[in-house]
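Residue numbers (our numbering): 4 to 216.
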């Protein structure tokens, strides 16, 4: 096989992959992703992704995540999240390229301050990673509560990473979650990340187990 043949094969493969992603994007555009996630099954082409509700912080936060995702191994955690401020929960796909995290922050704010706090967090991230490509920022109402969010693309060693970060109140504290994946997986996982964010339900509980009135 000569160089020209290899080039043609590579271009054909690339065109096929592009077409596949376009088909998936079109399919997801016409799917009620949040509803599908909550019902436990999302069809991507001919592949079924199954979801189940996961519980965080003794049921204070519940969110639907793929059933195939598992808690990240400590050794991998040390590599991917070396900081002492690492998330409290990290779930990862079998390939470890798609990750879901959850962390309760020490900050205490009022719910009306959440939008400003979301912008503050985004600005902190911009300072820490000046080459980050910021995509969107906003507030959504989910389950009767406000969720602040922003998404962005960062550079990793030899690839780019897509991240969605979201922030919401649990009692007086801010909880933050994230979904990240390789930029190449973004056409599929960006809409799914937003869908998972919109599957969140929050129950404020005091330490003695009584509901907060």
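Note that the Cβ used here is the ideal one computed from N, Cα and C, for glycine as well.
- Fewer than three beta-carbon pairs drawn from the segment 36-55 and the segment 80-92 are found closer than 8 Å, and the two stretches are therefore not classed as touching.
- Counting C-beta atoms within 10 angstroms of its own C-beta, residue 69 has 16 or more neighbours from the protein chains shown and is therefore classed as buried.
- The straight-line gap separating the alpha-carbon atoms of residue 115 and residue 144 is approximately 13 Å.
- By the C-beta density criterion, residue 46 is exposed, having fewer than 16 other C-beta atoms within 10 angstroms.
- Minimum Cα-Cα distance from residue 172 among the listed residues 161, 149 and 154 corresponds to 149.
- Within 10 angstroms of the beta-carbon of residue 77 lie fewer than 16 other beta-carbons, which makes it exposed.
- For residue 191, same chain residues with a beta-carbon under 7 Å away, outside a window of 5 residues either side, are 27 and 47 in chain order.
- Boundaries for residue 89: no alpha helix (DSSP H) harbours it, and the DSSP string shows neither H nor E there.
- Annotation: the continuous beta strand (DSSP E) that includes residue 54 extends over 50-59.
- Secondary structure within the segment 135-176: not one fully enclosed alpha helix (DSSP H) run of 4 or more consecutive residues is present.
- Secondary structure at residue 180: strand, using DSSP grouped into helix, strand and coil.
- Closest by C-alpha distance to residue 43, out of 37, 55 and 32, is 55.
- When C-beta atoms of the segment 125-134 are compared with those of the segment 93-109, fewer than three pairs fall below 8 Å, so the two segments do not count as touching.
- Taken through DSSP and simplified to helix, strand or coil, residue 96 comes out as coil.
- Boundaries of the alpha helix (DSSP H) around residue 118: 117-131.
- Just so you know, the alpha carbons of residue 199 and residue 164 end up roughly 18 Å apart.
- In the three-state DSSP reduction, residue 14 falls in the helix class (H, G or I).
- Apart from the 5 residues on each side of it in sequence, residue 36 sits with its Cβ closer than 6 Å to the Cβ of 194 and 198 in its chain, given in chain order.
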